[in-house]
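As structure tokens, the structure follows; a few thoughts come after it.
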Amino acid sequence: MQIPSTISIWLSEQAGPLIIIGCLIAFIMVVLFLSARNRSASMNEKRAGSNEYTFVNYLSAYGFDANIARITYQYLQEKQNVSFPIEASDSLDEDLGLGSGDIAESVADLLALTERESQPGMMHTPLITVEDLVRYLQASPRKAEIAAA
């Protein structure tokens, strides 16, 4: 007579709950994917008339450097793969889906693209919106200004 393995008995008892948990996780993943796709399509539809030109004009009207605004828009569209038109009020994490690592990478890349240098302690608040990002870049000194000083 053969003694049954305790592992096989345990697995046979746990198979039902494990299958249910696996199905729930798969269902949640599908719902999250469809929700994200629906939100992206909705933002594309709402912002049908918005583009890089309107973004730059909007920020220029409030005294922002048009070149920095343009570079920021292009960077977010191309490098961070934002598939819908960007607005200045968009939240970097919630609307654009950027994590803290992505935001730090974007800041470093954009400082290099705009030939500016980060000053430690200059950013006293976290970057929440695209407008905050452009404001931080504009407030950062040019590399030539630092070298001359």
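Each residue of the sequence shown is one higher than the one before, counting from 4 in our numbering. Beta carbons are placed, not taken as given, at the ideal position from N, Cα and C, and that holds for glycine. Small disclaimer: the values here were computed from a predicted structure and weren't measured.
- Message: With a threshold of 8 Å on Cβ separation, who are the neighbours of residue 101 within its own chain once the five nearest residues in sequence on each side are excluded?
- Response: Around residue 101: 83, 95 and 109.
- Query: Would a C-beta distance cut-off of 8 Å place residue 113 and residue 78 closer than the cut-off?
  - Reply: Taking 8 Å as the Cβ cut-off, residue 113 and residue 78 qualify as a contacting pair.
- Query: Considering residue 25, what are the terminal residues of the alpha helix (DSSP H) in which it resides?
  - Reply: Where residue 25 is concerned, the enclosing alpha helix (DSSP H) stretches over 9-49.
- Task: Could you say which of 133, 141 and 116 lies nearest to residue 125 if we only look at CA atoms?
- Result: Comparing Cα-Cα distances from residue 125 to each of 133, 141 and 116, the minimum goes to 141.
- Message: Here's a check: name, in chain order, each residue in its chain whose Cβ is nearer than 7 Å to the Cβ of residue 34, leaving out the five neighbours to either side.
- Response: Around residue 34: no qualifying Cβ.
- Message: Using a 10 Å radius around the Cβ and a threshold of 16 neighbouring Cβ atoms, would you call residue 134 buried or exposed?
- Response: Under this definition residue 134 is a buried residue.
- Separation of residue 27 from residue 49, as counted between CA atoms: Rounded to whole angstroms, residue 49 to residue 27 spans 33 Å at the Cα level.
- residue 93: which of 58, 11 and 69 sits nearest, CA to CA? Among 58, 11 and 69, the Cα nearest to that of residue 93 is on 58.
- Message: Determine whether the beta carbon atoms of residue 122 and residue 143 lie at a separation below 8 Å.
- Response: Cβ distance < 8 Å, so residue 122 and residue 143 count as in contact.
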